[in-house]
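Worksheet: the structure to be examined is printed underneath.
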Ligand SMILES: Cc1cc2nc3c(=O)[nH]c(=O)nc-3n(C[C@H](O)[C@H](O)[C@H](O)COP(=O)(O)OP(=O)(O)OC[C@H]3O[C@@H](n4cnc5c(N)ncnc54)[C@H](O)[C@@H]3O)c2cc1C
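Below, the structure written as structure tokens:
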């Protein structure tokens with residue numbers, strides 16, 4: 245292909261999840277033409293809208309934090325809003341950090357500059373023994389001194405034990421935070437990655453630990469608006485267009501779909517890790533990246549929606565559980581027109597995976613009833629099991645780089661190299677990074 249034709253060819257982005265759409269917005273903003281090819285009917289991938297019982301809900305409850313700087317920046321770009329201009333964004337609810345665990349006093353950030361906002365939260369948690377609260381403050385200060393870095397990775401369990409973070413503080417603070425952020429159980433979760441989340445979330449600016457809950461579905465929060473943003477700048481977004489094969493031809497790429505073939509100057513492959521080898525295996529220079537992906541393992545996330553009578557209500561949008569099959573319970577009435585709709589979340593692997601959906605929903609209902617008391621039977625329920633929700637963020641986990649052995653062919657996705665665990669922020673950062681590589685070529 246001639247240089248002139250190659251220069252006019254778009255950057256092809258395969259996969260319209262948060263990573264792919266972040267790449268698309270970044271390239272479109274810089275004046276590059278992009279063509280996004282998405283297999284599904286809807287954009288968003290593992291964070292997408294799902295229709296249930298006449299309602300538009302999500303494939304899983306997602307929560308963001310104030311430290312998700314790139315995700316929030318790009319949400320602002322596509323919504324035309326300004327971050328922090330108001331605490332309540334049209335797309336999400338932004339709340340000061342508060343960890344409410346069933347039966348425990350909530351840990352609430354104090355309205356003070358960092359780090360006093362969190363020291364206050366710990367000191368105010370009166371159901372925790374004073375000795376544990378002081379030990380937690382010492383732990384955070386020690387981690388600050390070593391800049392939240394470890395010379396060698398270890399498990400979160402080992403890190404907590406080494407710093408005397410056992411007992412109730414582990415149960416109601418560190419373990420729920422670890423499983424929520426890394427989707428990996430404490431005994432095998434990477435302490436290095438956990439400390440990055442603590443560094444940015446808990447020890448960063450006061451608003452970095454803010455909890456951000458979408459008020460619109462996850463496709464509407466970013467990917468759908470990103471598609472409009474791209475289209476307004478001459479780009480194209482094709483849904484229901486699975487890519488079957490990618491060929492490297494004469495310094496360009498041919499992307500073969502069922503009804504069309506796209507010629508592109510660059511490819512950003514933004515599919516989930518378990519789909520990557522199938523599309524990259526026939527290309528040269530991909531052995532290392534494919535080897536890296538094949539070494540990853542995955543963790544599930546189950547979401548159990550239960551529709552109760554509208555009078556059923558939690559005082560706060562989310563409630564954590566300790567020693568229970570459920571990890572978190574969300575009251576969707578706080579974030580949308582869904583009175584009586586509760587969403588229970590079970591992260592990572594566990595015994596719940598052996599239960600059929602009917603039994604699991606019954607178990608979750610009884611668990612909620614024990615805590616809330618006097619609950620009627622739900623009107624309907626739905627279990628959504630995302631079996632490979634994220635990669636297992638284990639000790640020493642190695643993630644493939646965005647740059648591959650093939651020039652102008654990049655990998656984007658939450659599983660690619662980065663400081664963050666498998667999250668929206670990891671996906672978005674990787675997409676932005678790939679876009680910058682393509683722009684710099
Ligand atoms: C239930 C659940 C709860 C979660 N909770 C949180 C949370 O609270 N906070 C948080 O930050 N993160 C959370 N995550 C993780 C977060 O959703 C992911 O990290 C993120 O969505 C990954 O985005 P991605 O773009 O890397 O990949 P994906 O979202 O998987 O996007 C890849 C896209 O590629 C498409 N694709 C695949 N094959 C092809 C093909 N052949 N041709 C074209 N397109 C193709 C797919 O359809 C998909 O749209 C959760 C995940 C799940 C499943």
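Residue numbers (our numbering): 245 to 685.
Where is the CB? At the ideal position from N, CA and C, for every residue including glycine.
For the beta strand (DSSP E) containing residue i, name the first residue and the last one.
i	result
residue 502	No beta strand (DSSP E) holds residue 502; DSSP gives it neither H nor E.
residue 591	585-591
residue 219	As shown, the chain starts at 245 and ends at 685. That puts residue 219 outside it, with no answer to give.
residue 562	562-564
residue 632	624-635
residue 676	Segment 668-684 is the alpha helix (DSSP H) holding residue 676; no beta strand (DSSP E) there.
residue 512	510-513
residue 575	572-575
residue 661	Where residue 661 is concerned, there is no enclosing beta strand (DSSP E), given that its DSSP letter is neither H nor E.
residue 257	255-258
residue 299	299-302
residue 537	That residue, residue 537, is in no beta strand (DSSP E); its alpha helix (DSSP H) goes 531-538.
residue 281	278-281
In chain order, what residues of the same chain have a beta carbon less than 6 Å from the beta carbon of residue i, not counting five sequence neighbours either side?
i	result
residue 591	423, 427, 545, 571
residue 673	314, 662
residue 461	293, 300, 302
residue 480	279
residue 539	none
residue 465	335, 458
residue 420	564
residue 619	613
residue 371	348, 349
residue 312	669
Under a Cβ-count criterion, where at least 16 other Cβ atoms within 10 Å of its own Cβ denotes burial, should residue i be classed as buried or exposed?
i	result
residue 262	buried
residue 624	exposed
residue 522	exposed
residue 491	exposed
residue 493	exposed
residue 602	exposed
residue 581	exposed
residue 249	Caution is warranted here: a pLDDT of 49 is assigned to residue 249, below 50, making its placement in the model unreliable, and the coordinate value is therefore given only provisionally. With fewer than 16 Cβ atoms within 10 Å of its Cβ, residue 249 is classed as exposed.
residue 469	buried
residue 401	buried
residue 644	buried
residue 598	exposed
residue 404	buried
residue 264	buried
residue 386	exposed
residue 374	exposed
residue 304	buried
For residue i, which residues in the same chain have their Cβ closer than 8 Å to its Cβ, ignoring the five residues on either side in sequence?
i	result
residue 377	366, 367, 369, 413
residue 329	In this prediction, residue 329 scores a pLDDT of 45, lower than 50, which makes its location untrustworthy; no coordinate-derived value is stated.
residue 307	424, 455, 456, 457, 562
residue 646	654, 655, 656, 660, 661, 674, 677, 678, 681
residue 505	498, 499
residue 326	320
residue 297	551, 624, 626
residue 488	500, 501, 502
residue 410	404
residue 649	528, 529, 530, 531, 532, 533
For residue i, I'd like the list of residues in its chain whose CB is within less than 7 Å of its CB, leaving aside the five on either flank, ordered along the chain.
i	result
residue 429	423, 592
residue 639	397, 398, 399, 432, 434
residue 666	427, 634, 635, 637, 658, 659
residue 463	286, 287, 288, 292, 293
residue 629	544, 546
residue 253	496, 507, 508, 509
residue 269	318, 321, 322, 470, 473, 474
residue 333	325
residue 445	309, 311, 452, 453
Would you give the residue range spanned by the alpha helix (DSSP H) that residue i belongs to?
i	result
residue 444	435-445
residue 270	262-273
residue 544	That residue, residue 544, is in no alpha helix (DSSP H); its beta strand (DSSP E) goes 542-551.
residue 322	313-323
residue 609	601-616
residue 655	Looking at the DSSP string, residue 655 is not in any alpha helix (DSSP H); the run it does join, the beta strand (DSSP E), is 653-655.
residue 522	520-524
What are the complete beta strand (DSSP E) segments, minimum 3 residues, inside the stretch 448-489? Taking only runs of at least 3 residues, the beta strand (DSSP E) segments lying wholly in the stretch 448-489 are 455-458, 480-482.
Minimum length 3: unbroken beta strand (DSSP E) runs contained in the stretch 325-407: DSSP runs (the beta strand (DSSP E)) wholly in the stretch 325-407: 336-339.
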